[in-house]
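Visitor:
Protein chains: 2
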Amino acid sequence: MILIDGKETAGKIKLEIAEEVKKIIATGGKRPHLATVLVGSDAASETYVNYKVKDCEQVGFASSMLRFDESIPEQELLDKVSELNLDQDIDGFIVQLPLPAHISETKVIEAIDPAKDVDGFHPVNTGRLLIGMPCFESATPAGIIELIKRYNIETSGKHCVIIGRSNIVGKPIAALLAQKRDPGNCTVTVCHSRTRNIKELTLQADIIIAAMGQPGFLTADMVREGVVVIDVGTTRVKSDQTKSGFKLKGDVDFEGVAPKCSYITPMPGGVGPMTRVSLLLNTLKAAKKEIYS
Amino acid sequence: MILIDGKETAGKIKLEIAEEVKKIIATGGKRPHLATVLVGSDAASETYVNYKVKDCEQVGFASSMLRFDESIPEQELLDKVSELNLDQDIDGFIVQLPLPAHISETKVIEAIDPAKDVDGFHPVNTGRLLIGMPCFESATPAGIIELIKRYNIETSGKHCVIIGRSNIVGKPIAALLAQKRDPGNCTVTVCHSRTRNIKELTLQADIIIAAMGQPGFLTADMVREGVVVIDVGTTRVKSDQTKSGFKLKGDVDFEGVAPKCSYITPMPGGVGPMTRVSLLLNTLKAAKKEIYS
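For the protein sequence lines, the chains are A and B, in the order given. Residues in the first sequence are numbered from -14 upward in steps of one, following this note's numbering. Residues in the second sequence are numbered from -14 upward in steps of one, following this note's numbering.
1) Contact defined as beta carbons within less than 8 Å: I believe Val222 (chain A) pairs with Cys246 (chain A). What is the distance between those atoms, to the nearest angstrom?
2) Please list the partners that Leu115 (chain B) has in chain A, where partner means a Cβ-to-Cβ separation under 9 Å.
3) Is Arg261 (chain A) helix, strand or coil by DSSP?
4) Bridge partners of Leu19 (chain A), per DSSP?
5) Taking all protein chains shown into account, decide if Met207 (chain A) is buried (16 or more other Cβ within 10 angstroms of its Cβ) or exposed.
6) Along the chain, where does the beta strand (DSSP E) containing Pro232 (chain B) start, and where does it finish?
7) Should Thr204 (chain A) go down as buried or exposed, given a rule of 16 or more other Cβ atoms within 10 Å for buried?
8) Give me, in chain order, the residues of the same chain whose beta-carbon lies closer than 8 Å to that of Val34 (chain A); leave out the 5 immediate sequence neighbours on both sides.
9) Going by the CB atoms, is the gap between Val154 (chain A) and Ile215 (chain A) shorter than 8 Å?
10) Counting only beta-carbon atoms, is Asn137 (chain A) nearer than 8 Å to chain B?
11) Taking Cβ positions only, does Arg179 (chain B) come closer than 8 Å to chain A?
12) Buried or exposed: where does Glu(-7) (chain B) fall if 16 or more other Cβ atoms within 10 Å of its Cβ makes it buried?
13) Between Gly117 (chain A) and Arg179 (chain B), is the Cβ-Cβ spacing less than 8 Å?
14) Only counting the same chain, and skipping five residues up and downstream in sequence, which positions put a Cβ closer than 8 Å to that of Glu122 (chain A)?
15) For Gly169 (chain A) and Ile88 (chain B), what's the separation of their Cα atoms in angstroms?
16) Give the DSSP-derived three-state secondary structure of Ala86 (chain A) in the structure shown.
17) Checking 8 Å against the spacing of the C-beta atoms, do Gly25 (chain A) and Pro85 (chain A) come in under that value?
18) Please tell me whether Val173 (chain B) has its Cβ less than 8 Å away from any Cβ of chain A.
19) Tell me which residues of the segment 76 to 109 of chain B have at least one Cβ-Cβ distance to chain A shorter than 9 Å, keeping chain order.
20) Taking only three categories from DSSP, how would you classify Ser123 (chain A)?
21) Measure the C-alpha to C-alpha separation of Ala196 (chain A) and Glu240 (chain A) and round it to an integer number of angstroms.
22) Quick one: is Gly198 (chain B) near chain A, going by C-beta distance under 8 Å?
23) I'd like to know whether the C-beta atoms of Val6 (chain B) and Val38 (chain B) end up nearer to each other than 8 Å.
24) Which residues, taken in chain order from the segment 22 to 46 of chain B, show a beta carbon closer than 7 Å to some beta carbon of chain A?
25) Spatial neighbours of Gly201 (chain B) within its chain, please: CB distance less than 6 Å, with the 5 preceding and 5 following residues excluded, ordered by chain position.
26) Have a look at Arg347 (chain A) and Cys41 (chain A) and give me their C-alpha separation to the nearest angstrom.
27) So Gly142 (chain B) contacts chain A; which residues on that side make the cut at Cβ distance below 8 Å?
28) Consider the Cβ of Cys176 (chain A): report whether some Cβ of chain B lies at a distance smaller than 8 Å.
29) Taking the straight line between their C-alpha atoms, what separation do you get for Thr12 (chain B) and Ser67 (chain A)?
30) Would Gly218 (chain B) be called buried (16 or more neighbouring beta carbons within 10 Å of its own) or exposed?
Have a look at this one:
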């Protein structure tokens, strides 16, 4: 069993990005610049945005954080988005979700220039993703693909069973792994809450991506020997073993499942760090105009 | 075994559309207007565009056909697209594909206003489709969904195996049937040329959508009793039984498979007529501003 070390891989990728930034600067190029937009003061959102700023610092990106009061009118936020679209110095930006109820997330996301949409949430990017065109892939699926690449996990002709059909994980990773490319070329099955016989399906899988947010859902009896398991779940569960009184649990019963796997991601330290680093990779692509010229 | 009669269903839908157009006109509304753009003189494209014009006439839509010489420069075509985007009288338009090699289909498609993209090929529409937002669904998957609806075929919790991963059929119908809605909520498996064990998968299917363009591929031994089979294949094969010297064949060995089915589409007369009528339904939605306001 090989442990897919997302933390280590993300660390390596950060060093690679930092190296590339140095080269860009050395050859007279502009420092890649990510802006983050934060509306209100949701604690989790604060944390995520702070991580993003810190990640930028680590790789040598410029970063800007734009904070707005929770009461900002929708139109004012849309105007800010337009300004960021036009700002030549900013290569990519993200609007941290969720937004307050009086603001349409859809409107805001669709107002972002797809060429600066490093979160990959604009329909132009999700649409390009579905049909296999160059696009900004959203962070978690992009991180999973990167792990598969870096661990040289064979995907062609493999049966990948995805549990969960969220817009930010299940649907895009299904589309990516079915594409005619490498990694890709998987036979892909998408399961979800309405699926009647999940175990029957997971027992056929060469690769399982668990992304439905049910702690410990995937158990040893549901997988066959040699399977590759990617755990995307991160659910807060109560715990008396931590100071905070809770801990994050994945969708996979790691202790039971791991011995049967050829590869498995731990939780934490698997997909999570890769999600964070994917935003940096997208920002670098935006700065280099790799997707949209 | 119930035969899913696409021809009859499409006929009914046309009458419904015609009825609605009459009402729109009677209440002082504008007649829905579809424009088709044809570049060059490809024989198949000519036929398709002529069908579209004829279909419009039948339901009382206005239609315009814009023809351009094969040598039209890309920029000139893009300018035409911009004109159509701005033309208040035109509710929706399609640019018949394929385009000559010197014109980028991607550029042309992305230049179309998504609100007028009744073919549903613009990434904003395919992206919205993937994430389950209102959109213009492309014609063939929309036609399949409409057939499933009108025949009250249960999809929730059913295992749908899709053979083929094209951008215009396999990928979008997979996304549509996995959505949390009705029809939808299927467990969806996408198979393709790299899938190793298609028969093993089709034997588990409650619903099979055959869309890979291999005449007669799906045979009786590959399906279980009670399955629903939708045949999307239309391949020209040589025939000495027709004047033209060829006939269209589906991906399903109808004679062998049909006796085992609860529902099956014939070929011709199944999905084909529904594909045509879907364009009319999309144009009506565009005229009524049902998707984009």
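We treat Cβ as the ideally placed atom computed from N, Cα and C, and that holds for glycine. Predicted model only: the values in this text are computed from it and were never measured.
Guide: According to the structure data:
1) So it is not a contact: roughly 23 Å between Cβ atoms.
2) Pro108, Thr111, Gly112, Leu114, Leu115, Asn152, Lys156, Pro157, Ala160
3) helix
4) A:Ser48, A:Gly77
5) buried
6) The sequence given here places Lys at residue 232 (chain B); Pro does not occur at that position. Segment 231 to 234, the beta strand (DSSP E) holding Lys232 (chain B).
7) exposed
8) Thr21, Leu23, Met50, Gln81
9) no
10) no
11) yes
12) exposed
13) no
14) Gly105, Asn110, Leu114, Ile130, Pro157, Leu161, Ser263, Asn267
15) 29 Å
16) coil
17) yes
18) yes
19) Thr91, Glu95, Pro99, Phe106, His107, Pro108, Val109
20) coil
21) 18 Å
22) no
23) no
24) none
25) Asp238
26) As displayed, chain A neither begins before -14 nor continues past 278, which places residue 347 (chain A) out of reach and without an answer.
27) Arg179, Thr180, Arg181
28) yes
29) 39 Å
30) buried
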